[in-house]
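Each residue of the sequence shown is one higher than the last, beginning at 1 in the UniProt record's numbering. See below for the structure under consideration.
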Amino acid sequence: MEEKVLVAYATRYGSTREVAGAIAAALQEEGATVDLMRADEVTDTAPYSMVVIGSPVYAGKWLDDALKLVTRHQKNLGRVPVALFAVGILIAEDTPENRQKVEAALDPAVHLVTPVSVGLFAGKLDAKALSFPLRMMLKVMKTPEGDYRDMDAIRRWAKSLPVRNG
């Protein structure tokens, strides 16, 4: 059986899709065969020798689609290495407190699977892409707008994953 890696992601505005794409590309550079899919489109995790799952963090939580993937496939995910990642604008200010808050968003998934690695990455905030109420809430909270993703750090994390190449 050819060994493959699944990189699955949930996204609301596309930033996490781009992060997942960078992870998939880095794993391919390391010789892995990779499938990149939205979390809500994954129907079977059995063909994969490793699974990477990620989501942005909104209001302190991973998106439901990512957590549902872990829940639906928990049995098989217990048989292969699983890595989890979270993308959040909160880490634009990279403090231990902010990292702890973003990492806490992964707790429900971590209770279901034991990840071999967890990646916490700063995100991107483009207020023009958001709804008016969300823009107002972020303005009140003084959330910084901009692209804070460090694609080099994301690729380094991906290349550190224990992938078995076919």
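Using N, Cα and C, we set each Cβ at its ideal position, and we do this for glycine too. Please read all numbers here as calculations on a predicted model, not as lab measurements.
Beta-ladder partner(s) of residue i, from DSSP
i   : result
A26 : DSSP lists no partner for A26.
M37 : A8
F85 : G54, G119
K61 : Y58
Simplified DSSP assignment, three categories, for residue i
i    : result
A122 : strand
G166 : Below a pLDDT of 50, predicted positions are generally treated as unreliable, and G166, at 46, falls in that range; the measurement from the model is reported next regardless. The answer is coil: DSSP assigns G166 none of H, G, I, E or B.
S49  : coil
G78  : coil
D107 : helix
D152 : helix
T16  : helix
G146 : strand
Reference residue i, options the options, closest by Cα
i    : options               : result
D35  : A66, S55, E3, L161    : E3
R155 : V19, K124, A10        : V19
L6   : G146, V102, N76       : N76
R38  : R149, P56, L161, V113 : P56
Spatial neighbours of residue i in its chain, beta-carbon cut-off 6 Å, leaving aside the 5 residues before and after
i           : result
residue 167 : There is simply no residue 167 to check, as the chain begins at 1 and stops at 166 in what is shown.
8 Å Cβ shell around residue i - same chain, five flanking residues per side excluded
i           : result
residue 187 : Only positions 1 to 166 of the chain appear in the structure, and residue 187 is not among them; the question remains open.
Counted within 10 angstroms of its Cβ, other Cβ atoms place residue i as buried (16 or more) or exposed
i           : result
D65         : buried
residue 178 : Coverage of the chain is limited to positions 1 through 166, which leaves residue 178 absent and any answer about it impossible.
T11         : buried
Cut-off 7 Å between Cβ atoms - residues of its own chain near residue i, not counting five sequence neighbours on either side
i    : result
M151 : A22
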